[in-house]
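Protein chains in written order, with our numbering: chain A, 1 to 443; chain B, 444 to 1003.
Single-structure report; data block below.
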């Protein structure tokens, strides 16, 4: 493609060139997900039945040399490579490149990478999946028994409308980045929005602060292109020259450009948007999908508790006795007792397809032990398995009977192979969050 | 090329300055001018009363906060509505339990709003989207009428560049001061307190939406500080011409979010938050066409604005003096009073230290009522389940019996600890919170329910007359208890505090208990006496250590 510009930008000084060479290598490396995760994610794709989880995981990839969660050390490595590269560059055959043109294309790469990243998070909020309404177990856990990150997520989860609003802002910012003229506005929105996300992550001890800084650094780069112009026009109130550089395309390259742009927008906006929408209705990712015991969902008082034939009466200080039991709509049972819980914590976003990996309900939460279960309807038995990674081996085998709709009797072996017999009675629990907000509440 | 452009520039600017405005533009400006003035000038008597009675030698943070905090309130001018805290939720009025008789007109308005019944029983008001903004509508009406009159008398003016400058100054300072007042209560985090023991022990599902939001910020004081910094930064940027637009954009973004939060979580401050969005949008809007031209159309852009000449010494020094005064009051004095408030008298938390020996989480080991022992059962509707003595003068306990929830956000600006209800407002699950005066000589606690809603549901008791003189605490006991006004650190005493304590308190019906406490070291506490139903109770409390997963606050308000 040729590049004949009617007006060229001001000439580049050698310092600017040197600095640019560094930024060029740095951002290209940051933008391309050079990591084993990339191949894992892409090879895991079922291209015929692609899920929103796949697209999300793809949108969240960044260069990674150190396995595990995001780490600023990866940045340091890229920084060193970029420094070396920018020193070597002037000695190569590429020393006389058109810097305006290169800047343009670098900004294109950064814009698109940023747009995809921000839209990735946008849709799982716009269709409120990321922070779902708290489960029955979560509603019946003491406030002090959560990590602050979990409270943040649940507090957002109680207002799906607000969550959708936040997602809408992210999507809007992403869409603005797909176009040269509006990219700066998108970057400003992201700086304010993701700046807040970054601080929230630090304050609530979330695990996304590295990724948030990643998006912020990209947004700063996009904004920098126009920052001086804006300062000159708004603060100094002086006449200001706009961007004069426009890439010129031949008919052929224009076609390729349009096709590429359409494919990216189709994949990350339309397909992803549609998939998250249907995901909200068919398979929200935070909670398991498999259904629980029919008609059992609710919280139950432990009316009777026998262990090895010995009755243990109500006693708030009892170290063993169960206090209450929750049956979720899906196949999870949670038991509140005085037995301490080592926290299973996941504070950054991963989308899991398998029920056993979906640990949102217990992540960052104490006070209760969470069990997934399998129902054997023939023998009327529940096979419970502790979901917490620290108690992976715990199994309970309990036969169940349901004398009436509000009573469940469980008996069998607990995690220590002691015989237990438990009578559960459903509590008609009411939650202010689920009731009219315009009436006086007597609860 | 550039010389040519320069030439162009001055020409363009001159042309724009001379060019007369169209009739509709002039009319539009007049409406906007008067409307914005009506929005930015305080019209309530209380505002002026506060300013002119302010004792600068013994200030209280609320004195300054009240200067910064107002919005158009024409309706209240006509119907004499009580000047309630606009940063508080609608239900707070009921919570503040002032049952002043309102003029008939007020009742009419109330019933028009469809909340008369609600007010009488202290229920949250029904919200009507448009009626919330009634005062703005009146401001706009004043703008239109004013503009019509203005148009009749002013036939000469071709344009209003200078007036436009001045209305921008008014709006800049109004928004700047207002948001700084808001921001300081976050900078020294007192607006959203860290949850007390009673709140930490409550289930997540037992809170109202509003409570969930307030607490979610309260648990991360440093984030609250950050929020304060953003708000104050937006305010500071508004004080300078060069940075006004950036401040306005920040203001619109931050307060737009807060507006949405208030709608989503029933925060009740949506109108006041949106007020700043409108002001910020007005300030930033001026630059939008220029930015559109520069960034989106990618055209050469010439900014244009006319500034009045303020180079005359008199004008110059007036300007500098006023600006300096704003900074001294809203940064200097404000910082001082907010630090004092944070350290000794955090306004949503009771500020009197509770009995040192009685603090922490307690299990209710034994509970007797009228001599009859009641064993522990989580479903029992009489027995206390668990109790806490907070750092301040509050006893909380949980009983499995429903109670009307206090719908306020526990805010307002009361001086008396009993009216600071953050620890109980918006909490269900049978949680009770009682304020106590402690007679440490005779070892008696005089307890009063902090939730005034608790008695409202009961029709029979509501019929009883409250005695004019309230002597449930004997003079001798008062001698032992002392004067609440002087129980906080001396540095936090203020004229405002004196004034409020000197006011005669209306007698409020509350649940009351008088309990003797008996303890050696606080690990086992025996409470005995009469409960709120005049039944004799005997309660044995045993302290236990509870490990919370939620990280402790590293920024604790108050001195206990």
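Even glycine gets a Cβ: it sits at the ideal position worked out from N, Cα and C.
Any idea which residues DSSP pairs residue i with across the strands?
i                      : result
residue 928 of chain B : Note: residue 928 of chain B sits in no beta bridge, so no partner.
residue 334 of chain A : A:326, A:370
residue 650 of chain B : B:870
residue 971 of chain B : B:959, B:981
residue 306 of chain A : A:311, A:421
residue 876 of chain B : B:839
residue 987 of chain B : B:804
residue 582 of chain B : Answer is none; residue 582 of chain B lacks a bridge partner.
Considering residue i, what are the terminal residues of the alpha helix (DSSP H) in which it resides?
i                      : result
residue 715 of chain B : 713-728
residue 962 of chain B : From DSSP, residue 962 of chain B is part of no alpha helix (DSSP H) but of the beta strand (DSSP E) over 955-962.
residue 470 of chain B : 466-483
residue 87 of chain A  : 72-88
residue 703 of chain B : 687-708
With a cut-off of 8 Å, does the C-beta of residue i fall near any C-beta of chain B?
i                      : result
residue 30 of chain A  : no
residue 387 of chain A : no
residue 60 of chain A  : no
residue 400 of chain A : no
residue 204 of chain A : yes
residue 292 of chain A : no
residue 286 of chain A : no
residue 226 of chain A : yes
residue 45 of chain A  : no
residue 130 of chain A : no
residue 344 of chain A : no
Can you pull the chain E residues whose beta carbon is under 9 Å from the beta carbon of residue i, in chain order?
i                      : result
residue 147 of chain A : Annotation note: the requested chain E is absent from the structure, which comprises protein chains A and B.
Going by DSSP, what residue range makes up the beta strand (DSSP E) through residue i?
i                      : result
residue 888 of chain B : 887-892
residue 231 of chain A : Run containing residue 231 of chain A: none; DSSP gives neither H nor E here.
residue 488 of chain B : It is not in any beta strand (DSSP E) - residue 488 of chain B instead sits in the alpha helix (DSSP H) that spans 488-496.
residue 399 of chain A : 395-401
residue 386 of chain A : 381-386
Taking its Cβ as the centre, do 16 or more other Cβ atoms sit within 10 Å of residue i, making it buried, or is it exposed?
i                      : result
residue 926 of chain B : exposed
residue 368 of chain A : buried
residue 313 of chain A : exposed
residue 435 of chain A : exposed
residue 542 of chain B : For residue 542 of chain B, the predicted structure reports a pLDDT of 37, less than 50, and the residue's modelled location is therefore unreliable. A value from the coordinates is still provided. Exposed.
residue 138 of chain A : buried
residue 756 of chain B : exposed
residue 767 of chain B : exposed
residue 629 of chain B : buried
residue 256 of chain A : exposed
residue 717 of chain B : buried
With distances taken between CB atoms, is the gap from residue i to residue j smaller than 8 Å?
i                      : j                       : result
residue 338 of chain A : residue 362 of chain A  : no
residue 332 of chain A : residue 403 of chain A  : no
residue 351 of chain A : residue 57 of chain A   : yes
residue 240 of chain A : residue 744 of chain B  : yes
residue 20 of chain A  : residue 121 of chain A  : no
residue 646 of chain B : residue 853 of chain B  : no
residue 860 of chain B : residue 937 of chain B  : no
residue 100 of chain A : residue 245 of chain A  : yes
residue 862 of chain B : residue 1001 of chain B : no
residue 695 of chain B : residue 723 of chain B  : yes
residue 433 of chain A : residue 652 of chain B  : yes
Between residue i and chain A, is there a C-beta pair that is closer than 8 Å?
i                      : result
residue 752 of chain B : no
residue 662 of chain B : yes
residue 675 of chain B : no
residue 971 of chain B : no
residue 708 of chain B : yes
residue 466 of chain B : no
residue 821 of chain B : yes
residue 685 of chain B : yes
residue 638 of chain B : yes
residue 756 of chain B : no
Does the Cβ of residue i lie closer than 7 Å to at least one heavy atom of the ligand SAH?
i                      : result
residue 673 of chain B : Of ligands this structure carries none, so the ligand SAH is not represented either.
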